[in-house]
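Written below as structure tokens is the structure these notes are about.
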Amino acid sequence: MSRFDTIRHDLIAGFCVFLLALPLCLGIATLSNFPPIAGILSAIVGGLLCSLFGGARLAIKGPAAGLVVIVLGSVHQLGGGDLYLGYKRTLAVGVIAGIIQIIIGVFRKAIIAEVIPPFVIHGMLAAIGFIIVSKQSYVLMGVSPTVSNPIELILQLPWHVLDANPIILMMGLASFAIVFFWPRIKRVGSIPSSIIILLCMIPLSFYFNLNTEQHYDFLGKSYILGQKFFIKLPTQILDSIQFPDFSVIFSFVSIKYIFIFVLIGSIESLLTVCAIDSLVHQKSRVISIKIYGFLVLEIL
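So the mapping is simple: the working numbering equals the position in the sequence shown, first residue as 1, plus 99.
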């Protein structure tokens, strides 16, 4: 393969990854009560650093979905109700956790994570999926929930289905349908479904004029469309960069989350490496770099 073909394939692959990573990064940051821009910055920094340090050909770096529950708890507990303060203090926890992981990687001790039974990880991932479904189901319907506990969100979900915003629900279900059925279409199924979703949903957003607040009636009920259904991003990215708050880094809560970040992050990365090794049938040195608003280096 010529150098031109390599660059061409890299550009196509990079664009497809960008389309997949953008909504994922925004969603993970939002679920963690981080500013949405933190997810985008995570992907940018993670991608650039991973390109410099190297890594696995089949690995994509970015915000870690496996840490959503942990980061969410850290933001709430460290902030004491102030999400912005909790965000800055969680950044500090991430910095210390990243330093510890670098030390673990240098001394090649991350292998101890293999002693964790697989069902523990599966249970953690199932819990993460449960939380994501419980919260994002309301976003899919265009409804604002009255509770925040995941179990209560699921229990109240049937009662809110009748309050769903028809246009928002239609666009969400259409995106779901594209994700599931598009890959099964011959000849064109190789085109990533994320690209098709963007090609369909962006024109629909303009058609329904979602950027402007408006009312419409459907089956005798009145609904609202407007910017509240959009994720708000700052106009100046540099102004959104925040520095960690180390004021309570030696508190019991901070130390607890540092330990959890190191443990879960290392286990998740190790399992990812093992999965990649089983796919390519060869051993390779993988440098997994996870960014979550803060920099967390996991060198295995």
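Quick reminder that beta carbons are idealized off the backbone N, C-alpha and C, glycines included.
Coil, strand or helix - residue i by DSSP
i	result
residue 324	strand
residue 131	coil
residue 399	With a pLDDT of 29 at residue 399, under the threshold of 50, the modelled position of that residue is not reliable, and no figure is offered here.
residue 351	helix
residue 262	helix
residue 207	coil
residue 109	helix
residue 245	coil
residue 332	coil
residue 200	helix
residue 343	coil
residue 64	The chain is shown only over 100 to 399; residue 64 falls outside these bounds and no answer can be derived.
residue 369	helix
Proximity test, Cβ basis, 8 Å: residue i and chain B
i	result
residue 232	Of the chains in the structure shown, none is chain B; there is only one protein chain.
CB contact flag (residue i, residue j, <8 Å)
i	j	result
residue 270	residue 240	no
residue 195	residue 340	no
residue 168	residue 226	yes
residue 192	residue 360	yes
residue 362	residue 136	no
residue 119	residue 293	yes
residue 115	residue 138	no
residue 234	residue 343	no
residue 321	residue 296	no
Nearest-angstrom beta carbon gap, residue j and residue i [assumed within contact, 8 Å]
i	j	result
residue 324	residue 307	6 Å
residue 263	residue 242	6 Å
residue 317	residue 265	5 Å
residue 177	residue 353	7 Å
Near the ligand MG: residue i beta-carbon under 7 Å from a heavy atom
i	result
residue 308	Of ligands this structure carries none, so the ligand MG is not represented either.
### Query
What are the complete beta strand (DSSP E) segments, minimum 3 residues, inside the region 269-326?
Here the runs fully enclosed are 313-317, 320-324.
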